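What follows is one structure encoded as structure tokens, with my remarks underneath.
Chains as they are written, first to last, in UniProt numbering: chain A, 1 to 413; chain E, 1 to 413.
Here is the structure:
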């Protein structure tokens, strides 16, 4: 938790209502931090449907392995998340730590170990002492309460400068349902590893495979469209749980993601995921500005996304933004290096509404003053039109500042 | 040209002998810089064999287009290089500027325009006023001298903090030949675009297609194995010229790259290319340390290189190095995100001779003090063994410092 809150932080936190069927507790287990909470327990009254998407890293953390293995089971009774230690690259000890944690949680909740989900974020390569959990989970299970979302978001923070929460409502077959979510950001945990964790819970009654389809589709334009520094964590985890409590109001269970009754829910979920993902970017390490990069006119949507990410991950683009420099030449460079088809002489580029380049050269009406005015804002829209087809994509990133280097270059010891 | 010379600069410049068959002149044409040279003319007494490799950018500069087009011709009489303006993303004006420059040079040298090669480095998107060349090239052709390599290297600098020169000798069929080269680095030209340019000349007598084979093979482990910030220029150019003057000493012309008489030449050329490439990295913007990253035990050499570049381009790895932090967790992260096959539980990692991780976890004998001692050095070897096969690759990069952000984040105006 940093002393200085990001200038891009939301002005206030969303009021988080309780979601029927889930309760939470936090504790300070002293895993690494002093004087703050570092463990979150989520408890589902009854087995909840569960869906998850995880890091694509070839070297995932032990908790990611554990969750992937349990996911086929389809229901969840509890979630244990800790900050301060990622339990990643910890070999057989890491696996043993997940097993011990799951066992403790299963005992505390009176359920099977395959109904427990785990996530860890923090230092990697250091063995996680799971015995620290066994002492606290019993009491946490007793203390768990529904009105605890902001505290839950705080317990999983690492170098985040603010807790990330979001809530939406939707209706399914005329029954009102709630979706709540928390996230922690791709800040770096001093001194080690960036990790994005997010947990979303709804009281809707939706079957696991339908839930997984919704989540897998929703992650594309949200969490998979944000980047802080192009570095992918070993531990990224996004999970969606459906407690089914809305069945008590007469919501008929939804078995398929294609069900037309999901229209409102899908929109609300996607909106919530994007809200949380943008909160993560806006808390990127050292961030002072946010970039919304839209590429259109590509041959395909996939090509547009590759090019948009090439721009978003370019250190030269990101340092120019930090310097409020309308340096569109670096956008051209990033388009060119992406490897996707581009025709230099059809390119057009905008900062905000100001077109700076067209037909492969500087706009004849180019105004440095107008472009610079856009760069001086906090939120900077960049649009690139390739002029080739109808493929489009939008991604989000933040600037690269000296503070990023300071945060990540500090001595570990 | 920066006021502060990189701490990684060579202690002294190589003594550059003349290479028979080539002469050079520089001039201050006032393209952008004041009080320094910004144009280089290389003149070949007789048509020289020529080979080139260029940026893979889909948005290449006008001079890159021009050179690619002339390369099929196979011989060169002159090279014009300017700094201060990259003539990139300049549309039809850019093409016209290359044509006018080539025409002026061809008149000055009494040769065809298809025997002229061009390179430009500097601001992009701004039209290059080629009339500035027509005034100077005639006089330069008259003044050209063979003993001018260091001055040639200086004229093509942008944000380089030192000129880059290298020389080697070899023998072909018992005849001694010389290879000289100059380069400018992937520093950013304030305020725009990084570009790597390098020109190598030998007096050996080698046919164009053989020369191209030598160069295309030689660029892989040298210039294509270095990275400063992962951003690919629109203008990267590496050219190799063979004047053939050694024929006067009885060197029989070599027609094929497979010719056994090229053994010594190939080794000397590869060594020179690596020397120049490392000089570029050691002058990376804001660089304080150089990283030599070796990946072994991969399934293939290509996979090893992808993983090595993933490590070399990771902002988290590079900031850790800047902070002298033996943060091997970030190496694991970069291996995991590369997308190539890796088995977390077989990974081993060394900083220098200090093994910090083995069998997927921290080395049992891990010594923070020993690892930190390596990180405090100027040149830092990193070795990763994937334990899967015999694929191997080595790449070179520099650290990511606050100065990099300062250099590239400064206002353009």
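Ideal Cβ positions, reconstructed from N, Cα and C, are used throughout, including at glycine.
Remember, it's a predicted structure, so these values are computed and weren't measured experimentally.
Only 400, 401, 402, 405 from the region 375 to 405 of chain E bring a Cβ to less than 7 Å from some Cβ of chain A. For residue 89 of chain A, the neighbours in chain E by C-beta distance under 8 Å run, in chain order, 329, 332, 344, 347, 357, 360, 361, 362. Put simply, the CB of residue 58 of chain E is near chain A, with a gap under 9 Å to one of its CB atoms. Look at residue 271 of chain E here: in three-state DSSP terms it is helix.
By DSSP's assignment, residue 237 of chain A forms a beta bridge with A:54, A:197.
Listed along chain E are 314, 315, 316, 330, 333, 334, 337, each with a C-beta nearer than 8 Å to that of residue 231 of chain A. DSSP, read as helix, strand or coil, puts residue 60 of chain A in coil.
Against chain A, a Cβ distance below 8 Å from residue 93 of chain E picks out 361.
Counted as a single uninterrupted DSSP element, the beta strand (DSSP E) harbouring residue 83 of chain E occupies residues 75 to 85. Here residue 343 of chain A is exposed. Its C-beta has fewer than 16 other C-beta atoms within 10 Å.
DSSP places residue 90 of chain E in no alpha helix (DSSP H); its state is neither H nor E.
Residues of chain A whose Cβ lies closer than 9 Å to the Cβ of residue 322 of chain E are, in chain order, 405, 408, 409. The contact set of residue 354 of chain E on chain A, defined by CB atoms closer than 7 Å, is empty, because the minimum CB distance reaches about 14 Å. Between residue 43 of chain A and residue 165 of chain A, the alpha-carbon positions lie close to 18 Å from each other. With contacts defined by Cβ atoms closer than 9 Å, residue 27 of chain E and residue 39 of chain E form a contacting pair. Here residue 16 of chain A has 149, 150, 165, 167, 180 as same chain residues with Cβ atoms under 7 Å from its own Cβ, once five neighbours each way along the sequence are excluded. Rounded to the nearest angstrom, the gap between the Cα atoms of residue 362 of chain A and residue 329 of chain A is 9 Å. The Cβ atoms of residue 81 of chain E and residue 120 of chain E sit closer than 9 Å to each other. Counting the other Cβ atoms within 10 Å of the Cβ of residue 35 of chain A gives fewer than 16, which makes it exposed. Look at residue 396 of chain A here: in three-state DSSP terms it is strand. Per DSSP, reduced to three states, the secondary structure at residue 351 of chain E is strand. Residue 170 of chain A sits close to residue 264 of chain A, with the two beta carbons spaced by under 9 Å.
Using a Cβ-Cβ cut-off of 9 Å, residue 160 of chain A does not count as an interface residue toward chain E, since no Cβ of chain E sits closer than that to its own.
Per the coordinates, the alpha-carbon of residue 54 of chain E lies some 15 Å from the alpha-carbon of residue 79 of chain E.
Burial check for residue 21 of chain A: the Cβ neighbour count within 10 Å reaches 16 or more, so the residue is buried. Sequence-distant Cβ neighbours of residue 101 of chain A in its own chain, meaning closer than 7 Å and more than five residues away, are 80, 118, 130, 133.
With respect to the C-alpha of residue 98 of chain E, the residue from E:124, E:128, E:71 having the closest C-alpha is E:128. Annotation: residue 18 of chain A is outside any alpha helix (DSSP H) and is labelled neither H nor E by DSSP. For the region 116 to 133 of chain E, the set of residues with a beta-carbon nearer than 9 Å to any beta-carbon of chain A comprises 123, 124, 125, 126, 127, in chain order. Excluding five sequence positions before and after residue 113 of chain A, the CB atoms of its chain that fall closer than 7 Å to its own CB belong to 102, 103, 106, given in chain order. Near chain A, meaning a CB-to-CB distance below 9 Å, the residues of the region 40 to 58 of chain E are 55, 56, 57, 58. Neighbourhood of residue 234 of chain E in chain A, by CB distance below 8 Å: 332, 333, 336, in chain order. Contact check between the region 316 to 323 of chain E and the region 339 to 354 of chain E: fewer than three CB pairs, one atom from each, fall below 8 Å, which does not count as touching. In the three-state DSSP reduction, residue 117 of chain A falls in the strand class (E or B). Where residue 369 of chain E is concerned, the enclosing alpha helix (DSSP H) starts and stops at 368 to 375.
Taking a contact to require three or more Cβ pairs closer than 8 Å, the region 290 to 303 of chain A and the region 202 to 219 of chain A do not qualify as touching.
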